[in-house]
Every structure is written in structure tokens, then in C-alpha cells.
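First up is the structure itself, then whatever we jot down about it.
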Amino acid sequence: MKMWAGRFRQPLDRTFERWQRSFHFDRRLLTYELAVSSAHARALKNAAILTAEELISILQGLQRIGELAATSAGFLDDGEAEDVHHFVEKQLVALIGESGYKLHSGRSRNEQIATDLRLYVRDAIDQLRIELAELCNAVVERAGEASSAATGDAAMPAYTHLQRAEPVLVGHWLMAYVEMFLRDADRLADCRKRLNVCPLGSGAVAGATLPLDRVAMARDLDFDAPSANSIDATCDRDFAIEFVNTLSLVMLHLSRWAEEMILFSSQEFGFVRLPEAYSTGSSAMPQKKNPDLLELVRGKAGRVIGDATALTITLKGLPLAYNKDLQETQEALFDATDTALAILPLVTGWMNGVEFDHQRMKEAADSGFMNAWAAATYLVKRGIPSRLAHEQIGKAVKLCAEQHCELQDLALDELRSLNALFDQDFYDCLSLAAVLAVHDVPGGTAPAQVRQAISAARKKIDTLIEETHAHA
Ligand code: ARG
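Offset between the sequence shown (1-based) and my numbering: plus 10.
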């Protein structure tokens, strides 16, 4: 039976009827719909709409639907259900008889879908934060390896404008990504806080018509509180927009990571050796090893950003409160979640498998005047105004360019012709180790600072893992 056919004289156009259904995608909300329906049933009993026996029979029926969905193949292939709410009602009536229709007393699908979606996003956030913690762990591990006693302090060039700028530790470079992913995990937690209020009892738009205990329903479903305004609660999808926008940031970070790894794995850079388990060959060119995982990550970032845009545009211009347009938010939400959830463990696997060519990275870090700023700092520390120091080292670089050499190859006399303060100890501050060490501020690339950053990040990851366990 349709959920709303009473006032209609004509049947629906068959094509339209099939087309407007959402069950083929919202069936994945079934577990949440069952939990939401159980909470509502308990509230109905407390409001004396259901007898104790009716409540038990409804709760058992709902549980049975969950079991059948999990165990009986094809149970969800319902050619008639309009949406997940209709499906549950149909199945419940089939299982326990007409009293199943009592479950819908005093509620509307508008509040149900709003609640189901909040539960879905809440779970997705908890899973994604676990995956982000795993990824951070893998990257920190690689950063730690690159700054250990065994490897020494592996160095590489850092780029600005994609031109060699200054040497940094490989560990420092990797930790930049950990910062992004930790921020993402934080954003998700923040989104979780705001979404965790319960729309149940909001009715269709104006609030329930029965005296339902909203606080009890919220508690039942682990929400912090009931939502404050029934009009807002039934049509708010901010939580989905916030969530998918956060995912688009996650994907944006992964896309920058992927792009950089692609670049660094090219023969021209040769810093990164692609893990074979995540690369493919070419059907035409036998020598090729292609960074497919990285390319797909970069590509799928566009897709998730598209999902975020689709959600935003769907809501833009919608009058309050519920409008069927809102049904359109679901597929974009699911797609973004599925995409991010599938990608994160793959990226973690890639990070565990990648090899860095530390030798090549070091060679690249050791030449090309990347010690020029440190050289200018030598003069600044001896009282020369930085603009002048900059200019004098600039002139030294020009000399080197003419002589095809590096700053450390210039004779002291040549240097003194630029500034009399140059002394023998100038050469000490030009070595790679000295240049790295001079960036000795929190957040800088001096080895001690990087080790500190790594251990600070490890603590943050531990906290993140504890939090995700608390929600599990
Ligand atoms: N399938 C609908 C959706 O996802 C459920 C809510 C329907 N409400 C209504 N008044 N037609 O938005």
C-alpha cells in the first residue's frame, strides 16, 4: 500500500512512480531507519499510543527485518518500495500484521530521513577518522625512518614556485602532509559535534502531534540533545554539506600529495620509487611503470569536490522546509563517503610500500645555491643589514654562475672583495648539515625540531585513535 494514496483519484503515471523512488539508493540507510523506528516506537509506548504488547511486537518485527536484510539474499530487491521508510513499513506489516501501521503514528518521513542521514554521517565520520589515523601513522613512520640514526637525516630540496628553494629533511616534507590529515580529522570531529542532535519529534515541519519524549528518543540514539527547531530540523542538510566539504578538503590534500608523488617519481626527479603493488604497466610500452593509484586519487578528488558542489547547489534557493529536492542530497553524500573511504586505506598501503631514493634527494639538496639564504644569514649575524647581505650573496652567486661553481668553491679573497667580514668559518655554514641546522625554530627543518614535531604528531595521533575507540 502507498503511504499517501488516500486523497488521490488517479493512479500515478507508472514511469513517474518508478522514477521518483529512492529505495535503490536509500536502502543502505536501513540499519539507521530501523534504529530510528525503534526509538520512535518506544516513545509511542510512553505516550500511550502503543500497548506494551504492540511495542514488543513492533520491536521484534524491526529486528527481524534487520536480520533478513543481513542474511536473506534478495530481501532488499523490492520492486515496489518507494523509499527505505516505505520498505520498513511494508515489511513490518507483512511480518506482524496491521498493527505495524501504528508505528507511523505521530511522525513524518521528513524527520526520519533527516535522522537517518545524521546517523549515517556520524558513522562515516568515525570510520574516516580511523582511516585518517592509520594514514597519519604510516606517514609518520616513514618520516621517522628518514630522520633516524640508520638513515642519518635524509635531506631533499624544498621548492617554492617549483624551483629549488632550501634544503629540508625528508621527514619534514612528509610531516607537512601529516599536518593536513590531522586537520582533516579535527574538522570531521567538529562536524560530528554539530550534527549530533536528534530531529525525531519534529514531525513533518511543525513538531510532533503526539506528546513524544524527544529527550528520550535523542538519548536512545546516542544524540547529545533533540534539535531545537522543527522547521530547521526537517530541512537542514548543513551537516551533509559540511561533511562532504570536509571530504573535498581531504581529497584536495590527497590530490596535492598524489601530484607531488607523481612528479617526484618521474625520471626527471627520481626521488620516489613507485611501489609495484600499486602501479601498472603500459600495454604498449614495455618499460613503463605508471603511477595509477596516484592518478586516480588526483582524479577522484574532482569527483568529491563535484559532490560537495552538487549538495550545495541542491540546497541553494530551497524554501523552508522539506522539499523533495532534498532526496537528491543522498547520492552525492554516499558517493563522496564511498570514494574517500575506499581511497584512504589504499593511500596508506602506498605510503607503506614506497621507497625514497635518499641519495638522489640529497644530491639535489646539496647543489644549486640552496645555501644562499644561510650564507646571507652569516653576514646578518655579523651586523650587516639583511638587504645588503642579500645583495652581496647575490653577487657571490653571480660570480659562481660565471665560474660554474658553488658558493663554497669561492676563495676567501673573492668573498672579501664583496664584504670584508667574510672569514674562514663562513665555509662551515655552507654545508648541507649546517644549512639544515640553522632553521632551528619550532616548525623548522633543523633535525632536532623535526624529531620534536614527529613526536608531537605521534601524540596527536594517539589521542585521535583513543577518540575513535571511544565512539566505536
Ligand atoms: N525519500 C524521501 C527523501 O529521501 C523521504 C522523505 C519523503 N518525504 C515526503 N514528504 N515525501 O527525501
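Glycine residues also receive a C-beta, built at the ideal position from the N, C-alpha and C atoms.
Residues that residue i bridges to, as DSSP identifies them
i: Leu179; result: Ala165
i: Pro236; result: Cys208
i: Val282; result: Phe366
i: Gln173; result: Thr170
i: Asn300; result: Thr290
Contacts around residue i, its chain only, beta-carbon distance under 8 angstroms, and the 5 residues preceding and following it disregarded
i: Leu231; result: Ala45, Val46, Ala49, Thr125, Leu129, Cys208, Leu210
i: Glu252; result: Cys201, Arg204, Leu205
i: Val9; result: Since the displayed the chain opens at 11 and closes at 482, residue 9 lies outside it and no answer follows.
i: Leu328; result: Cys245, Asp335, Leu336
i: Arg392; result: Leu431
i: Ala216; result: Ser240, Ile241
i: Gly213; result: Gly116, Arg117, Ser118, Asn120, Glu121, Thr219, Ser240, Thr244
From the options, residue whose alpha carbon lies closest to that of residue i
i: Gly280; options: Thr339, Ala331, Glu373, His263; result: Glu373
i: Gly378; options: Tyr388, Gln459, Asn333, Lys408; result: Lys408
i: Met380; options: Ala463, Glu416, Met261, Phe97; result: Glu416
i: Ala131; options: Gln30, Ile272, Ala350; result: Note that residue 131 is Val in the sequence shown here, rather than Ala. Ranking the options by Cα distance to Val131, first place goes to Ala350.
i: Ile35; options: Ser293, Ala216, Asp450, Phe97; result: A quick correction: the sequence has Phe, not Ile, at residue 35. When only C-alpha atoms are compared, the closest one is Phe97.
i: Leu172; options: Arg119, Leu273, Leu102, Asp136; result: Leu273
i: Ala199; options: Ser158, Thr161, Leu257, Ala160; result: Leu257
i: Ile394; options: Ala421, Asn429, Glu412; result: Asn429
i: Val445; options: Arg31, Ala53, Glu176; result: Glu176
i: Phe436; options: Ile403, Ala53, Glu99, Arg461; result: Ile403
i: Ala156; options: Lys405, Asp367, Gln418, Val451; result: Asp367
i: His479; options: Arg247, Thr61, Ile135; result: Ile135
i: Ala91; options: Leu113, Ser292, Glu27; result: Glu27
i: Ala243; options: Ser118, His114, Gly89; result: Ser118
i: Ala352; options: Ala311, Met371, Asp376, Thr324; result: Ala311
i: Asp348; options: Ala482, Asn239, Gln137, Ala320; result: Gln137
i: Gly309; options: Val254, Ala160, Met261, Met13; result: Met261
i: Ala342; options: Ala214, Glu365, Asn255, Ser265; result: Asn255
i: Arg38; options: Val357, Leu422, Asp345; result: Asp345
i: Ala382; options: Ala15, Asp88, Glu401, Gly16; result: Glu401
Own chain residues within Cβ distance below 7 angstroms of residue i, not counting five before or after
i: Phe85; result: Leu78, Ala79
i: Ala399; result: Ala386, Leu389, Val390
i: Leu142; result: Phe191, Asp194, Ala195, Leu354
i: Arg74; result: Leu105
i: Asp234; result: Asn206, Val207
i: Ser292; result: Lys298, Asn300
i: Thr473; result: none
i: Ala375; result: Ala165, Met166, Pro167, Pro177, Leu442
i: Asn182; result: According to the sequence shown, residue 182 is His rather than Asn. Correct list, in chain order: Thr455, Val460.
i: Arg397; result: none
i: Ala62; result: Lys55
i: Ala57; result: Leu220, Pro221, Leu222
i: Leu420; result: Ala406, Leu409, Cys410
i: Arg468; result: Val150
i: Ser237; result: Val207, Cys208, Pro209, Ser212, Ala243
Spatial neighbours of residue i in its chain, beta-carbon cut-off 6 angstroms, leaving aside the 5 residues before and after
i: Trp267; result: Tyr187
i: Ala463; result: Met185
i: Lys55; result: Leu65
i: His263; result: Met190
i: Asp163; result: Ser157, Leu179, Pro457
i: Ala153; result: Gly181, Leu184, Met185, Ile464
Cβ-Cβ separation, residue j to residue i (assumed contact under 8 angstroms), whole Å
i: Val180; j: Ala168; result: About 10 angstroms; that fails the 8 angstroms criterion.
i: Gln122; j: Glu64; result: Their Cβ separation, rounded to whole angstroms, is 19 angstroms, which puts Gln122 and Glu64 out of contact at 8 angstroms.
i: Ile471; j: Leu330; result: Actually they are not in contact, since the Cβ atoms of Ile471 and Leu330 sit about 42 angstroms apart, beyond 8 angstroms.
i: Val103; j: Leu40; result: Incorrect: roughly 16 angstroms between the Cβ atoms, too far for contact.
i: Ser67; j: Ser109; result: 7 angstroms
i: Thr339; j: Arg247; result: 5 angstroms
i: Ala250; j: Leu127; result: 6 angstroms
i: Ala406; j: Leu422; result: Contact flag wrong, Cβ pair sits at about 12 angstroms.
i: Ala53; j: Ala226; result: 6 angstroms
Check: residue i C-beta below 6 angstroms from any heavy atom of the ligand ZN
i: Asp23; result: Absence of the ligand ZN from the depicted structure is noted, with the ligand ARG being the only ligands included.
Would you call the region 306-316 and the region 327-336 in contact, with 3 or more CB pairs under 8 angstroms?
no
Review point. Any contact of the region 283-290 with the region 215-222, i.e. 3+ C-beta pairs under 8 angstroms?
Key: no
Between the region 258-273 and the region 302-309, can you find at least three pairs of beta-carbon atoms closer than 8 angstroms? yes
Check whether the region 354-367 and the region 142-157 are in contact - that is, three or more C-beta pairs closer than 8 angstroms. yes
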